[in-house]
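Student: Sharing a structure here in structure tokens format.
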Amino acid sequence: MDESVFQGETGKQGTKAQNPMDKLMKAAIVAVVCSLLLAGAGVFYYFVIFLPGIERQKLELSQQAERDAAKRAEQAMIDAKNKEEQAKNDAFLKETQKKLMYDACKADARSNYTADWANACKDIASMTSQGLRNCLADKNLGGNAYLGESYCRRLYPQGDASANCSLPVSRADRINKTFHDAQEKCLQEAQLGM
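Following the working numbering, the numbering of the sequence shown begins with 6 at its first residue and continues without gaps.
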């Protein structure tokens, strides 16, 4: 077919039939433009949306790891402080118990000493009283005009049965030694932590 030039309603000249290569070229250009737009959209998405999201996640994970590490460090400090405080409390409690045991032991030793002394006083007074009765009952001593009752009373004076009496030295020394030994035992037990 021959090409004839025509003027359309707009008054422009054009060809009646377009070349199929032109259509193909236009389609190729449109395809290239669309491809470039899609590639640009992909690049845009990758650099503007995807990468910042990944970086934000990395940053959040890093910050979370730092917060977790700080919490662990803080908890470790609290645990160490609590452990130290517990050790101090345990040591204080142990010392207090040791002191209470020592004081109780000493009080027990003192109580035994006081009871031993009082019993010895009663014992001596009872023996003296019995000796006086025996002396007075003896006809040779109690009934004797020269010796008599005054002799028996001088030989066996009235004994002091109170808890604060004076004891013969040998008896007092034994009681004092027992008391001293008991106090030493208390001290040794306290030092050993018994």
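Glycine residues also receive a C-beta, built at the ideal position from the N, C-alpha and C atoms. Quick caveat, the model's predicted, so the values are computed rather than measured.
State whether the stretch 153 to 166 contacts the stretch 97 to 107, with contact taken as three or more CB pairs (one from each stretch) at a distance under 8 angstroms.
Tutor: Not touching, per the Cβ criterion.
Student: Among Lys63, Pro173, Glu100, Leu146, whose alpha-carbon lies nearest the alpha-carbon of alanine 125?
Tutor: Reading the sequence shown from its first residue, position 120 is the one you call residue 125. The option with the nearest alpha carbon to alanine 125 is Pro173.
Student: From what residue to what residue does the alpha helix (DSSP H) around cysteine 170 run?
Tutor: Sequence index remark: in the sequence shown, residue 170 carries index 165 (1-based). From DSSP, cysteine 170 is part of no alpha helix (DSSP H); its letter is neither H nor E.
Student: Which residues mark the beginning and the end of the alpha helix (DSSP H) in which leucine 105 is found?
Tutor: Sequence index remark: in the sequence shown, residue 105 carries index 100 (1-based). First-last of the alpha helix (DSSP H) with leucine 105: 56 to 142.
Student: Three-state secondary structure (DSSP) at leucine 146?
Tutor: Working through the sequence shown from its first residue, we reach residue 146 at position 141. If DSSP states are grouped into helix, strand and coil, leucine 146 belongs with coil.
Student: CB valine 140 to CB tyrosine 161, shorter than 8 angstroms?
Tutor: On the sequence shown, residue 140 is found 135 positions in, with the first residue counted as 1. On the sequence shown, residue 161 is found 156 positions in, with the first residue counted as 1. Sequence inspection shows cysteine at residue 140; the valine mentioned does not correspond to that position. For cysteine 140 and tyrosine 161, yes; Cβs fall inside 8 angstroms.
Student: Indicate whether aspartate 121 and isoleucine 180 have their beta-carbon atoms separated by less than 8 angstroms.
Tutor: Stepping through the sequence shown from its first residue, residue 121 is reached at position 116. Stepping through the sequence shown from its first residue, residue 180 is reached at position 175. Going by C-beta atoms, aspartate 121 is nearer than 8 angstroms to isoleucine 180.
Student: With a threshold of 8 angstroms between beta-carbons, can serine 116 be considered close to chain C, or not?
Tutor: Included in the structure is just one protein chain, with no chain C present.
Student: I need the straight-line Cα distance from leucine 56 to alanine 75, nearest angstrom please.
Tutor: The count along the sequence shown starts at 1 and reaches residue 56 at position 51. The count along the sequence shown starts at 1 and reaches residue 75 at position 70. Roughly 28 angstroms separates the two Cα atoms.
Student: When the Cα atoms are used, what is the spatial distance from aspartate 178 to serine 134?
Tutor: Indexing the sequence shown from 1 puts residue 178 at position 173. Indexing the sequence shown from 1 puts residue 134 at position 129. Each residue's alpha carbon lies about 23 angstroms from the other.
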